[in-house]
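Here's the structure we're looking at; comments come further down.
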Amino acid sequence: MTERVLDAENWKLEANAVLKDIEKHVKSVKILDGTDQRIYFNLTTIEGLEFCIELSGLGFRVAGTRHNDRSGNSEDVFETPYSLLNQISPRFHESFGNELIKRLNELNH
Numbered sequence: 001m002t003e004r005v006l007d008a009e010n011w012k013l014e015a016n017a018v019l020k021d022i023e024k025h026v027k028s029v030k031i032l033d034g035t036d037q038r039i040y041f042n043l044t045t046i047e048g049l050e051f052c053i054e055l056s057g058l059g060f061r062v063a064g065t066r067h068n069d070r071s072g073n074s075e076d077v078f079e080t081p082y083s084l085l086n087q088i089s090p091r092f093h094e095s096f097g098n099e100l101i102k103r104l105n106e107l108n109h
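Under UniProt numbering, the first residue of the sequence shown is numbered 1, with each subsequent residue one higher.
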């Protein structure tokens, strides 16, 4: 898999899109600095677990198990923020499912 290269501004746009997609399913998420190869997030799961997440052209990776911690060496890369959250947040699946049910009910009314 080759790494997609964006400039720093486009990584911020990409990160903002991700933030909008997941913000209902986490306690908090904040975009940190980035380069033309990656950008980072501080994320707190619904359960209160803190992570620093790296987004690169390869996908999403846990960079560290505390906010601002990029010292992790996890080689697990996830294609979507949803697959990452499924791995690190046991209650994400429930939260995401409830949101889908809510939206489907809104369509039926």
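Note that the Cβ used here is the ideal one computed from N, Cα and C, for glycine as well.
In this text, all values refer to a predicted model and were calculated from it rather than measured experimentally.
Supposed close pair residue i, residue j - CB separation, criterion 8 Å
| i | j | result |
| --- | --- | --- |
| GLY64 | PHE51 | 7 Å |
| PHE96 | HIS25 | 6 Å |
| ILE39 | ALA15 | 5 Å |
| LYS30 | PHE41 | 7 Å |
| GLY72 | VAL62 | 6 Å |
Counterpart residues of residue i in DSSP-defined beta bridges
| i | result |
| --- | --- |
| THR65 | None; THR65 has no bridge partner. |
| ILE22 | According to DSSP, which records beta bridges pairwise, ILE22 is partnered with nothing at all. |
When the options are compared against residue i, the one with the closest alpha-carbon
| i | options | result |
| --- | --- | --- |
| ARG70 | SER83, LEU32, GLU9 | LEU32 |
| GLU75 | PRO90, HIS93, GLU54 | GLU54 |
| SER56 | LEU107, THR35, LEU49, GLY48 | THR35 |
| ILE22 | HIS93, LEU6, ASN105, ILE101 | HIS93 |
| GLN37 | ASN108, GLU106, GLU9, GLY72 | GLU9 |
| PRO81 | LEU13, LYS12, LEU49, ALA17 | ALA17 |
| THR44 | GLY72, LEU107, ILE88 | ILE88 |
| LEU85 | LEU19, LYS12, TRP11 | LEU19 |
Quiz item: Which residue spans inside the UniProt domain "GSKIP" (12-107) form an unbroken alpha helix (DSSP H) run of at least 4?
Solution: 81-88
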